[in-house]
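Chains R and G, in that order, are what the protein sequence lines are.
Okay, so the first sequence: first residue is 1 according to my numbering, each after it adds one.
Okay, so the second sequence: first residue is 298 according to my numbering, each after it adds one.
Glycine residues also receive a C-beta, built at the ideal position from the N, C-alpha and C atoms.
2 protein chains.
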Amino acid sequence: MLDQRALPGEERWIRCESVGQVAEAIRSMAVRGAPAIGLAAAYGMALADDREQAAALLRGTRPTAVNLAWAVDRCLAAGNVLREARRLHREQEAADRRLAELGAERFEPGDRALTHCNTGPLATGGYGTAGGVLRAAWQHDRLAQVWVDETRPLLQGARLTAWELERAGIPFRLIADSAAGALMARGLVDRVVVGADRIAANGDVANKIGTYPLAVLAARHGVPFYVAAPVSTIDPDTQSGERIPIEERDPRELGSGPDAFNPAFDVTPAELVTGIITEAGVLELPYEESIARVASG
Amino acid sequence: MLDQRALPGEERWIRCESVGQVAEAIRSMAVRGAPAIGLAAAYGMALADDREQAAALLRGTRPTAVNLAWAVDRCLAAGNVLREARRLHREQEAADRRLAELGAERFEPGDRALTHCNTGPLATGGYGTAGGVLRAAWQHDRLAQVWVDETRPLLQGARLTAWELERAGIPFRLIADSAAGALMARGLVDRVVVGADRIAANGDVANKIGTYPLAVLAARHGVPFYVAAPVSTIDPDTQSGERIPIEERDPRELGSGPDAFNPAFDVTPAELVTGIITEAGVLELPYEESIARVASG
């Protein structure tokens with residue numbers, strides 16, 4: 001896998017030959033993004049001798065993104081794990097393409113969209129979630145420019161999303177996370193689109209820290225706020241956002257001593273979400289109902 | 298002056314022997330903080346041969362903080378410029394002490410206060426504005442802990458506020474700017490207190506980028522939001538926040554190429570401000586009236 005910690009400076013590849021190496025790659029965020037860590041875990045399962053042990057190891061790496069546990073469960077139940085991992089990969093690619101097209105329909109020519117963290121191909125192993133929506137909107141001439149939150153502390157926006165958009169030829173400007181409010185107040189943002197790490201049954205969304213303030217600001221300024229995620233990111237067993245485990249990462253990611261507090265995710269309440277863009281359609285309020293429909297297949 | 302760009306790694310001192318060197322120190326943010334750049338400009342005026350030229354040079358360094366223009370005007374009108382600069386310095390120290398005490402009265406034992414950027418002694422040449430309020434609240438046993446926004450892009454919170462609080466022995470934890478919303482949603486913030494670079498006649502507040510989102514989040518969560526500033530930061534000639542010039546700084550402060558947008562300040566509308574803590578009292582809504590009272594002496 002491509003080591004995302006080294007980007008954009010270096011395109012360094014990691015070869016994982018054991019499930020332990022895969023678990024370490026997930027934990028250290030060499031691979032990150034909810035769908036991508038799900039796929040990494042699936043391929044990790046294919047490397048394992050003892051599936052039950054491997055499942056426990058992988059599930060313990062990162063607690064918030066539900067795709068990981070979901071992919072591990074799928075592999076546990078499969079006859080041929082490698083074949084199942086490849087199927088999940090193909091399904092992810094198809095879901096990405098489909099949700100990107102559905103999301104792009106919500107854009108209008110000239111739109112300036114703001115996004116947070118990284119949700120492109122690096123984050124999914126496919127076309128991207130929110131990043132895929134942006135790519136599809138651009139291809140359909142429904143996007144003028146992307147505002148990219150740098151996304152502290154690990155700078156996934158500045159390092160990864162900027163790198164992806166540059167390669168895709170999509171115009172963008174990088175901003176400090178804290179500048180999004182000023183941009184909205186000046187009328188410079190037409191749409192916000194972000195990914196998700198877990199969506200509860202009531203539509204509450206756990207995503208990269210800083211997502212919730214964007215949703216609050218978007219609501220204040222009447223800017224549509226979209227979440228783009230495959231159905232596998234929806235966890236019908238988690239009733240609401242309060243029940244989603246929020247990972248706290250090493251305070252040293254903030255570059256200082258131990259006196260930092262570093263929650264990796266926050267929870268955006270469903271009522272602030274204009275729509276959840278999935279491969280099965282754009283879900284809308286009331287999410288209890290629209291999610292139940294999708295979750296039941 | 299202490300070179301604030303080198304902190305906390307190094308305590309490097311700069312000796313300015315001309316108004317040009319002072320102007321460069323302000324522009325490059327070797328000295329920053331609205332009251333501190335006002336004082337630096339005043340001492341810069343004292344170094345100048347041609348006062349009118351010096352005034353134009355200093356006024357052109359940074360556009361948003363009104364203290365700078367105000368201090369330059371005071372020096373232009375003075376008989377002895379050095380004496381006037383020293384008077385301004387003493388006045389600032391007295392204002393800081395007084396507003397810190399008045400602000401501390403708004404705190405209650407056990408309070409966890411969130412602050413943004415740096416507003417302590419480094420920012421004023423005295424006791425600090427919002428930082429002074431925190432110090433006074435701590436001394437009166439009305440403060441349990443400070444949440445310090447790291448304050449991208451230049452990390453004044455992580456570098457300067459953390460350094461000051463450490464030296465003052467006040468417990469604090471550093472957070473990413475984007476984590477403030479999650480903290481408020483969890484009920485971990487009892488009060489927000491920030492400084493100001495310019496306060497318009499209607500109470501709109503220009504302050505470090507990222508202040509406005511904090512005010513919006515505080516309003517949503519019922520957390521009192523205070524602005525602490527000397528009366529010299531109030532600009533009765535600027536009617537509202539829309540009229541405050543907002544400095545855009547070098548995109549490279551965000552650490553990437555030229556594709557960044559880097560406004561240094563944002564504007565918080567008056568209706569989101571619980572109180573403006575000044576040496577002349579804590580001003581409250583309607584600000585047109587409370588500010589007019591103070592501005593008329």
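Quick one: what does DSSP say residue i is sitting in, helix, strand or coil?
i, result
"residue 67 of chain R", "helix"
"residue 129 of chain R", "coil"
"residue 542 of chain G", "coil"
"residue 2 of chain R", "strand"
"residue 175 of chain R", "strand"
"residue 22 of chain R", "helix"
"residue 72 of chain R", "helix"
"residue 145 of chain R", "strand"
"residue 578 of chain G", "strand"
"residue 90 of chain R", "helix"
"residue 508 of chain G", "helix"
"residue 111 of chain R", "coil"
"residue 48 of chain R", "coil"
"residue 359 of chain G", "coil"
"residue 137 of chain R", "helix"
"residue 191 of chain R", "strand"
"residue 268 of chain R", "strand"
Check whether the Cβ atoms of residue i and residue j sit closer than 9 angstroms, and answer yes or no.
i, j, result
"residue 204 of chain R", "residue 240 of chain R", "yes"
"residue 267 of chain R", "residue 246 of chain R", "yes"
"residue 419 of chain G", "residue 526 of chain G", "no"
"residue 154 of chain R", "residue 253 of chain R", "yes"
"residue 39 of chain R", "residue 151 of chain R", "no"
"residue 181 of chain R", "residue 513 of chain G", "yes"
"residue 31 of chain R", "residue 53 of chain R", "no"
"residue 573 of chain G", "residue 584 of chain G", "yes"
"residue 255 of chain R", "residue 303 of chain G", "no"
"residue 369 of chain G", "residue 331 of chain G", "no"
"residue 441 of chain G", "residue 531 of chain G", "no"
"residue 340 of chain G", "residue 185 of chain R", "no"
"residue 507 of chain G", "residue 179 of chain R", "yes"
"residue 472 of chain G", "residue 262 of chain R", "yes"
"residue 109 of chain R", "residue 142 of chain R", "yes"
"residue 400 of chain G", "residue 579 of chain G", "yes"
"residue 348 of chain G", "residue 385 of chain G", "no"
Assuming residue i and residue j are in contact, meaning their beta carbons sit under 8 angstroms apart, how far apart are those beta carbons, in whole angstroms?
i, j, result
"residue 470 of chain G", "residue 260 of chain R", "6 angstroms"
"residue 486 of chain G", "residue 444 of chain G", "6 angstroms"
"residue 136 of chain R", "residue 100 of chain R", "4 angstroms"
"residue 206 of chain R", "residue 64 of chain R", "6 angstroms"
"residue 323 of chain G", "residue 359 of chain G", "6 angstroms"
"residue 96 of chain R", "residue 126 of chain R", "4 angstroms"
"residue 489 of chain G", "residue 459 of chain G", "That belief does not hold up - the Cβ atoms of residue 489 of chain G and residue 459 of chain G are roughly 17 angstroms apart, past 8 angstroms."
Going along chain G in order, which residues have a C-beta closer than 8 angstroms to the C-beta of residue i?
i, result
"residue 152 of chain R", "447, 449, 473, 474, 475"
"residue 329 of chain R", "Shown here, chain R extends from 1 to 297; a query on residue 329 of chain R therefore has no answer."
"residue 263 of chain R", "476, 479"
"residue 162 of chain R", "553, 556"
"residue 338 of chain R", "Residue 338 of chain R is absent from the model: chain R starts at 1 and stops at 297."
"residue 237 of chain R", "Neighbours of residue 237 of chain R on chain G: none; closest Cβ ~22 angstroms, over 8 angstroms."
Run through chain G and tell me which residues come within less than 7 angstroms of residue i, C-beta to C-beta.
i, result
"residue 216 of chain R", "478, 513, 514, 517"
"residue 209 of chain R", "473, 475, 476, 479"
"residue 212 of chain R", "478, 479, 482"
Starting from the beta carbon of residue i, find every residue of chain R whose beta carbon is closer than 8 angstroms, and list them in chain order.
i, result
"residue 551 of chain G", "150, 158, 174, 175, 176"
"residue 616 of chain G", "Outside the shown range of chain G, which is 298 to 594, sits residue 616 of chain G, and nothing can be said about it."
"residue 408 of chain G", "Here the premise fails: no neighbours, minimum Cβ distance about 17 angstroms."
Which residues of chain R have a Cβ atom closer than 9 angstroms to the Cβ of residue i, listed in chain order?
i, result
"residue 501 of chain G", "The contacting residues do not exist; residue 501 of chain G stays about 11 angstroms from chain R at best."
"residue 438 of chain G", "Correct list: empty, because the minimum Cβ distance to chain R is about 21 angstroms."
"residue 494 of chain G", "The contacting residues do not exist; residue 494 of chain G stays about 13 angstroms from chain R at best."
Name the chain R residues whose beta carbon is nearer than 7 angstroms to that of residue i?
i, result
"residue 583 of chain G", "Those do not exist, as residue 583 of chain G stays about 21 angstroms from chain R at its closest Cβ, beyond 7 angstroms."
"residue 393 of chain G", "Chain R residues near residue 393 of chain G: none, gap ~26 angstroms exceeds 7 angstroms."
Please list, in chain order, the chain G residues whose beta carbon lies closer than 9 angstroms to that of residue i.
i, result
"residue 3 of chain R", "None at all; the shortest Cβ gap to chain G is about 20 angstroms."
"residue 306 of chain R", "As displayed, chain R neither begins before 1 nor continues past 297, which places residue 306 of chain R out of reach and without an answer."
"residue 73 of chain R", "In chain order: nothing, as chain G lies at least about 28 angstroms away."
Hey, is residue i's beta-carbon within less than 9 angstroms of any beta-carbon in chain B?
i, result
"residue 418 of chain G", "Among the protein chains of the structure shown, namely R and G, there is no chain B."
Sorry if obvious, but does the Cβ on residue i come closer than 8 angstroms to a heavy atom of the ligand GDP?
i, result
"residue 73 of chain R", "Looking at this structure, you won't find the ligand GDP or any other ligand, since it has none at all."
With a cut-off of 8 angstroms, do at least 3 Cβ pairs link the segment 68-88 of chain R to the segment 104-119 of chain R?
-> no
Given 8 angstroms as the limit, is there contact between the segment 7-26 of chain R and the segment 40-54 of chain R, that is, 3 or more CB pairs closer than that?
-> yes
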